[in-house]
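2 protein chains.
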Amino acid sequence: MMIKFEEALKIAEAYSIKTGSENVPFMDSPGRVLAEDIRSDINMPPFNKAAVDGFACRREDIEKELLINEVIPAGTVAKKVVGEGECAKIMTGAAVPGGADFVFMVEDAVETGNRVRYTGSSRKDNIARKAEDISIGDIVLKKGRIIRPQDIAVMATVGATEPLVSKRIRLGVISTGDELVEPGDMPGEGQIRNSNAYQLVAQSIRAGAEALYFGIAPDNEEQTFNMVAGALDNCDILLLTGGVSMGDFDFVPRVLANCGVKILFDRVAVQPGKPTTFGTRNSSLVFGLPGNPVSSFVQFELFVRPLVLRSMGSDWRPDTRKLALASAYKRKRGERLAFVPVRVDDNEMVEVLNYHGSAHINALPDATGLMMVPLGITEIGKGEKVDVRSI
Amino acid sequence: MMIKFEEALKIAEAYSIKTGSENVPFMDSPGRVLAEDIRSDINMPPFNKAAVDGFACRREDIEKELLINEVIPAGTVAKKVVGEGECAKIMTGAAVPGGADFVFMVEDAVETGNRVRYTGSSRKDNIARKAEDISIGDIVLKKGRIIRPQDIAVMATVGATEPLVSKRIRLGVISTGDELVEPGDMPGEGQIRNSNAYQLVAQSIRAGAEALYFGIAPDNEEQTFNMVAGALDNCDILLLTGGVSMGDFDFVPRVLANCGVKILFDRVAVQPGKPTTFGTRNSSLVFGLPGNPVSSFVQFELFVRPLVLRSMGSDWRPDTRKLALASAYKRKRGERLAFVPVRVDDNEMVEVLNYHGSAHINALPDATGLMMVPLGITEIGKGEKVDVRSI
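Protein sequences appear in the order of chains A and B.
Just so we're aligned: 99 in my numbering is position 98 of the first sequence, and the numbers increase by one with no gaps anywhere.
Just so we're aligned: 297 in my numbering is position 296 of the second sequence, and the numbers increase by one with no gaps anywhere.
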């Protein structure tokens, strides 16, 4: 029975994989999902800090010529307290000495021997207060985020050099079909190269999973059963590509049943990707994805990527934007929710790409997004807003 | 002399690093820059292909009951030509047999023994024509693209299992300052942890470069000279962080001069990041980046990332969008082009983040973009459009 995309998504969203967590070196953590709140073990700034290179003195003395009583490089501590009529020459990042509550910039100062005069007009104190950015115990990075390069400085600052991250989900991939040869081989008559499995592996890696490729299952039920059964025992989520439509050799549904997989849906009203199948066995999940590379790419993005990231505790959501269509769009039938490869141009307009159908593999490299054409809609006018999901 | 950001960018854009190219396994290629046009060695489809599971016959016969003369699994070739009143049962992806010019779907067919009748009404032939997607010799992926998972199926399809990609630029990083301790250590009085170098390494990796961290240069000119000279000989672009403002220990400019580096600019009217310095020595380039982590992050994104990707032959451009401001923005002075950390919310509105200045490191993890506040502008009203650059 064909179900709506939203229903299928709801069914899939009830399932996730239990994954543990592990500590990794923080420099290996970008792309991983943070599995703990990271708290600071220090104050930032750790002390009242000079925000500029200059002279630290008492605010009431800034009109006077001042005696320079010491030089404070960053990383050292003042030896003296700044008294009346005095100042300390201080470098950016150094701790402001006792007695001082004002730092004027070296650019606004005239130095003569061991004396200096402030020539500027600003009354800004140029002091970054102790703990104004971070206090000891503050959460600086929250559990569930996908770690980015811009989180690295925060981790370094608070000494979180081995953050706890979710273990990678193990995603297995099996291709099916006697017509397939591996990419390094030249296809013979009636054959094509296996492209889906490799694309799914690359998509799995981008989603933060560990990908295991199990090879091509031939058009032989027993051999396919053995491959599927073996794979199910060795991964968290198994992706099968091909073999789920209605041909005589499409015995994948029967093989899954024989492996003890309970099928939760096997036809979804989406285009491309109608025969997408989802099932569960013990703690493993299985997707039967269509054999066409555009379909399998899209179905992975719609179902598998969110599931992988959710299982790892991520708050990831697809990046979907409402943008105007560059020229009118038309399709013949509106019985499925369509995801159409589009390119968002420099003016934020949506260009529908030349796309012959779900096997039209070279439509994807040019695409920057998938335009959603709702159920029942067959025409969208130029300039109308559409939902575009980044890919 | 302080120059405008646009001038600085123009100066930097005149320079690039000569990098070679290398063949890599296609599964290791995502994120790399493609250094050749990839052409197809096959037609896709390689033959007139059944787009559905069904029955291949002559279009003029579709009203008749037809004799099934053979079964054609995908990957095999028909043994017979389809004659008048005949058809072949055919699987998705198999080559349509000679004589046939129409395939009707198994879902729209009633089979009785070795005979079948088409019960549907569609006149669509369900045949994907030979070479309709790709012809032999067609360019399927263009030189200069950053390879994505969605390119992998195309590479697999055309057998490009070892694409030629640009060699990674070698980016060296040196931190400066006696106040720094490494992230694994607890800072003593007056000290802070080194966060910039690690962030720059993570940014370099994201930009597709190879990153080499050379350590912390102490506040000692000779030692700093030795470290910089050694690093310059071992990387394509050297990033120094800290030591470029005006303190007594900021001898980085002098060290660079002594190493034979020709300084092209050393002050840019941007906020944060005014003391950003750029120079060249033989075939190497050097950036002196500010010691504050937000400044150094931003300056890397503005200058280094485009330079790295351009050097590797990429057509990458920053993703900049015009979006409406969620609430009014004000700043004291308009003498620099500002890049302010912002978060784009679910309604595509720009929220300016609480941001204490260039050392306020925890403003970055929450940011999804940098809002550009032009030179001379100190106020922007709620709802006004601003340029936001994704980070």
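The beta-carbon is built from N, C-alpha and C at its ideal position, and this holds for glycine as well.
Just so you know, these numbers come straight off a predicted model, no measurement behind them.
Range of the contiguous beta strand (DSSP E) that encloses residue i
i: D347 of chain B; result: Per DSSP, D347 of chain B belongs to no beta strand (DSSP E) and is neither H nor E.
i: R105 of chain B; result: This sequence places Phe at residue 105 of chain B; Arg is not what is there. Taken as a continuous stretch (DSSP letters only), the beta strand (DSSP E) holding F105 of chain B covers F103 to M106.
i: V117 of chain B; result: R116 to Y119
i: S176 of chain A; result: R171 to T177
i: V111 of chain B; result: A110 to T113
Terminal residues of the alpha helix (DSSP H) in which residue i lies
i: R311 of chain B; result: R306 to S312
i: A258 of chain A; result: V253 to N259
i: A364 of chain B; result: A364 to D367
i: L201 of chain B; result: N197 to R207
i: V299 of chain A; result: P294 to Q300
Any non-hydrogen atom of the ligand NAP within 7 Å of residue i CB
i: I63 of chain A; result: As presented, the structure is devoid of all ligands, the ligand NAP included, so that no description of it is given.
DSSP beta-bridge partners of residue i
i: D400 of chain A; result: In the structure displayed, chain A extends from 2 to 392; residue 400 of chain A sits before or after that span and is not available.
i: V269 of chain A; result: A:I4
i: Y330 of chain A; result: A:I381
i: T278 of chain A; result: A:G289
i: V353 of chain A; result: A:V343
i: S167 of chain B; result: B:S22
i: E338 of chain A; result: The sequence shown places Leu at residue 338 of chain A, not Glu. L338 of chain A pairs with A:V271.
i: I12 of chain A; result: I12 of chain A is not bridged to any residue.
i: K125 of chain A; result: None; K125 of chain A has no bridge partner.
i: L303 of chain B; result: BP columns for L303 of chain B are empty, so no partner.
i: V262 of chain B; result: Its beta-bridge partners do not exist; DSSP assigns none.
i: A194 of chain A; result: Rather than Ala, the amino acid found at residue 194 of chain A in this sequence is Arg. Answer is A:V182, bridged to R194 of chain A.
Cutoff 8 Å: residue i Cβ touching any chain C Cβ
i: V202 of chain B; result: The structure shown contains no chain C; its protein chains are A and B.
*asked:* Extract the residue ranges of the alpha helix (DSSP H) inside the region 130-164 of chain A, only unbroken runs of 4 or more that lie entirely within it.
replied: 150-158
*asked:* Restricting to runs no shorter than 3 residues, where is the beta strand (DSSP E) found entirely within the region 210-251 of chain B?
replied: 211-218 and 238-242
*Could you please tell me which residues of the region 276-298 of chain A, in chain order, have their CB closer than 8 Å to any CB of chain B?*
With the criterion set as a beta carbon lying under 8 Å from some beta carbon of chain B, the members of the region 276-298 of chain A are G292, P294 and F298, in sequence order.
*Could you tell me whether the region 15-33 of chain B touches the region 157-175 of chain B, where touching means 3 or more Cβ pairs closer than 8 Å?*
These segments touch.
*asked:* To be precise: take each residue of the region 119-148 of chain A, compare its Cβ to all Cβ atoms of chain B, and keep it if any distance is under 7 Å. Which residues remain?
replied: Result list: A129, E133, D134, I135, V141 and L142.
*Compile a chain-ordered list of the residues in the region 62-86 of chain B whose CB is closer than 7 Å to at least one CB of chain A.*
V72, P74, A75, G76, T77 and V78
*asked:* Three or more C-beta pairs under 8 Å: does that hold for the region 150-160 of chain B against the region 187-198 of chain B?
replied: no
*Decide yes or no for the touch test of the region 137-148 of chain B against the region 81-99 of chain B: beta carbon pairs closer than 8 Å, at least 3 of them.*
Too few Cβ pairs lie closer than 8 Å, so no.
*Taking only runs that begin and end inside the region 31-101 of chain B, name each unbroken alpha helix (DSSP H) of 4 or more residues, in chain order.*
No alpha helix (DSSP H) of 4 residues or more sits fully in the region 31-101 of chain B.
*Please confirm if the region 340-353 of chain A is in contact with the region 304-317 of chain A, defined as three or more CB-CB distances below 8 Å between the two stretches.*
no
*In the region 21-39 of chain B, which residues sit with their C-beta less than 7 Å from some C-beta in chain A, listed in chain order?*
The region 21-39 of chain B vs chain A, Cβ under 7 Å: M28 and P31.
*Taking any Cβ of chain A, which residues in the region 325-353 of chain B have a Cβ under 8 Å from it, in chain order?*
E349
*For the 8 Å Cβ check, are there 3 or more pairs between the region 291-305 of chain B and the region 355-374 of chain B?*
With a cut-off of 8 Å on Cβ pairs, the region 291-305 of chain B is in contact with the region 355-374 of chain B, counting three or more such pairs.
_Given 8 Å, three or more beta-carbon pairs between the region 37-49 of chain B and the region 155-162 of chain B_ = yes
*Three or more beta-carbon pairs under 8 Å between the region 220-230 of chain A and the region 269-277 of chain A, yes or no?*
Contact between the region 220-230 of chain A and the region 269-277 of chain A is absent, because fewer than three Cβ pairs lie under 8 Å.
*Is it true that the region 114-121 of chain B meets the region 129-138 of chain B, where meeting means three or more beta-carbon pairs spaced less than 8 Å apart?*
These segments do not touch.
*In chain order, what residues of the region 95-121 of chain B put their CB closer than 9 Å to some CB of chain A?*
Of all residues in the region 95-121 of chain B, A95, A96, M106, V107 and E108 have a Cβ within less than 9 Å of some Cβ in chain A.
*Below 8 Å, can you find three or more Cβ-Cβ pairs linking the region 173-183 of chain B to the region 41-56 of chain B?*
By the C-beta criterion, the region 173-183 of chain B is judged not to be in contact with the region 41-56 of chain B, since fewer than 3 inter-stretch pairs fall below 8 Å.
*Report the residues of the region 191-225 of chain A with a CB closer than 7 Å to any CB of chain B, ordered along the chain.*
G191, Q192, I193, R194, N195, S196, N197, Y199, Q200, V202, A203, Q204, R207 and D220
*Any contact of the region 3-19 of chain B with the region 274-293 of chain B, i.e. 3+ C-beta pairs under 8 Å?*
Contact holds: three or more Cβ-Cβ distances are below 8 Å.
*Count the CB pairs spanning the region 59-78 of chain B and the region 91-101 of chain B that are closer than 8 Å, and state whether there are at least three.*
yes
*Could you name the residues of the region 362-392 of chain A whose beta carbon sits closer than 8 Å to any beta carbon of chain B, in the order they occur along the chain?*
I362, N363, L365, P366, A368 and I392
*asked:* Please identify, using Cβ separations under 7 Å, the residues of the region 159-177 of chain B that lie next to chain A, in order along the chain.
replied: G160 and T162
*Are the region 52-61 of chain A and the region 196-204 of chain B touching, with three or more C-beta to C-beta distances below 8 Å?*
Short answer: they don't touch.
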